[in-house]
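Notes to accompany the following structure.
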Amino acid sequence: MPELPEVETVRRGLEPVVAGRRIAAAEIRRPDLRFPFPERFAERLVGQRIVGLERRAKYLIAALSGGEDLVMHLGMTGRFTILEKGRADTPGDYANSVGADPVHDHVMLTLSGGARIVYNDPRRFGFMVMMPHAERSAHPLFRGLGVEPLGPELTADYLAARARGKKANLKSFLMDQRVVAGLGNIYVAEALFRAGLSPNRAARALADRRGEATERARKLVPAIQGVLEQAIAARGSTLRDYRDASGASGGFQNSFAVYDRAGETCRRAGCGGEIRRVVHAGRASFYCPRCQR
DNA sequence: ACTGTACCCTGTAGGC
DNA sequence: TGCCTACAGGGTACAG
Numbered sequence: 000m001p002e003l004p005e006v007e008t009v010r011r012g013l014e015p016v017v018a019g020r021r022i023a024a025a026e027i028r029r030p031d032l033r034f035p036f037p038e039r040f041a042e043r044l045v046g047q048r049i050v051g052l053e054r055r056a057k058y059l060i061a062a063l064s065g066g067e068d069l070v071m072h073l074g075m076t077g078r079f080t081i082l083e084k085g086r087a088d089t090p091g092d093y094a095n096s097v098g099a100d101p102v103h104d105h106v107m108l109t110l111s112g113g114a115r116i117v118y119n120d121p122r123r124f125g126f127m128v129m130m131p132h133a134e135r136s137a138h139p140l141f142r143g144l145g146v147e148p149l150g151p152e153l154t155a156d157y158l159a160a161r162a163r164g165k166k167a168n169l170k171s172f173l174m175d176q177r178v179v180a181g182l183g184n185i186y187v188a189e190a191l192f193r194a195g196l197s198p199n200r201a202a203r204a205l206a207d208r209r210g211e212a213t214e215r216a217r218k219l220v221p222a223i224q225g226v227l228e229q230a231i232a233a234r235g236s237t238l239r240d241y242r243d244a245s246g247a248s249g250g251f252q253n254s255f256a257v258y259d260r261a262g263e264t265c266r267r268a269g270c271g272g273e274i275r276r277v278v279h280a281g282r283a284s285f286y287c288p289r290c291q292r
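So in numbering that gives the first Met the number 0, the last one in the first sequence is 292, and the numbering has no gaps at all.
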């Protein structure tokens with residue numbers, strides 16, 4: 000479900016509610032998600048103050064006062080929901096309230112001040128792990144991550160260096176979190192459309208024989224950044240499950256140029272091409288064969 | 001070193 | 001109505 004814009008939208012919704020609060024209670028309602036929860040998870044959370052809430056790639060990271068980071072990934076269907084004080088002050092209240100989902104509500108945190116945070120994840124591809132803050136950058140989950148696409152490190156030269164000689168297609172190249180961290184199926188498709196690049200083209204087209212960035216690489220950077228910025232401004236894309244921390248849907252799905260539009264007409268004025276669906280590495284790709292080469 | 005496939009899990013949509 | 005298959009915003013472990 001959630002790519003960078005959705006995770007960032009969730010982060011922005013949660014941060015003012017959790018930052019500075021203490022975790023007063025933690026209810027862990029099953030032993031695992033994708034991976035087992037950390038040992039003695041609830042006991043390690045309770046009493047900690049949440050110092051801040053960051054995002055790196057598609058990870059949400061709560062920095063805890065004791066020096067550990069709580070790292071959370073939403074997988075495909077993970078969702079955080081804020082229950083303000085008074086809406087459901089006890090677990091019993093919540094269980095009987097509208098919107099409660101006892102089968103898929105896996106984690107409930109009660110914060111000082113009374114707000115509660117519920118993590119719901121039907122498919123359980125999400126996970127939560129804890130690690131000392133100082134060890135985060137060396138942790139296997141973070142060590143190999145590529146650049147943040149909205150940061151200064153995403154440049155045409157960087158893409159060219161990483162793509163040089165690679166005959167893998169551009170779709171797979173951009174989906175690789177070791178190259179650019181945070182893109183997923185939707186925003187790769189949309190960025191390639193904006194850059195006028197076919198997802199089928201070999202990634203090495205981003206570099207010339209000397210390894211210098213090509214015009215294609217230079218177009219790709221603002222295409223990636225533009226689509227992510229606009230998607231964040233629209234509070235993400237909702238296809239099926241995605242909701243922000245307030246329960247609201249995103250809005251960017253109404254602006255898709257190609258994603259999930261197979262058989263429909265290209266929206267570029269005067270194009271008239273038909274959006275095509277192909278499969279790369281088991282994931283659907285969408286593109287306009289007239290606009291993207 | 002790369003590339004493609006299977007798989008993790010559940011819900012839903014569409015065909016018959 | 002019901003059953004069955006395919007597919008879904010992610011990521012990883014393999015086999016080749």
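Even glycine gets a Cβ: it sits at the ideal position worked out from N, Cα and C.
Closest by C-alpha distance to residue 289, out of 194, 56, 60, 20, is 194. The Cβ atoms of residue 257 and residue 192 lie closer than 8 Å to each other. In terms of Cβ geometry, residue 147 and residue 180 form a close pair [threshold 8 Å]. For the options 123, 61, 81, 109, the alpha carbon positioned closest to that of residue 75 is the one of 123.
Taken in chain order, the unbroken stretches of alpha helix (DSSP H) that lie wholly in the stretch 46–115 and span 4 residues or more are 90–94. Rounded to whole angstroms, the separation of the alpha carbons of residue 217 and residue 207 is 12 Å. Taking a C-beta distance under 8 Å as the contact criterion, residue 61 and residue 17 qualify as a contact pair. A distance below 7 Å between beta-carbons, with the five flanking residues on each side excluded, links residue 226 to the following residues of its chain, in chain order: 186, 189, 190, 193. Between residue 129 and residue 43 the beta-carbon gap is near 6 Å, inside 8 Å, which marks them as a contact. The C-alpha of residue 32 is placed about 28 Å away from the C-alpha of residue 278.
Shown here, residue 131 sits in a strand according to DSSP, grouped into three states. In the three-state reduction of the DSSP assignment, residue 35 falls in the strand class, which pools E and B.
Between the alpha carbons of residue 47 and residue 140 lies a gap of roughly 23 Å. Per DSSP, the continuous beta strand (DSSP E) segment holding residue 286 begins and ends at 282–286. The C-beta distance from residue 23 to residue 110 rounds to 6 Å, short enough to meet the 8 Å contact threshold.
For the pair residue 260 and residue 281, the Cα-to-Cα distance works out to about 18 Å.
The alpha carbon of residue 20 has as its nearest neighbour, out of 228, 112, 196, 166, the alpha carbon of 112.
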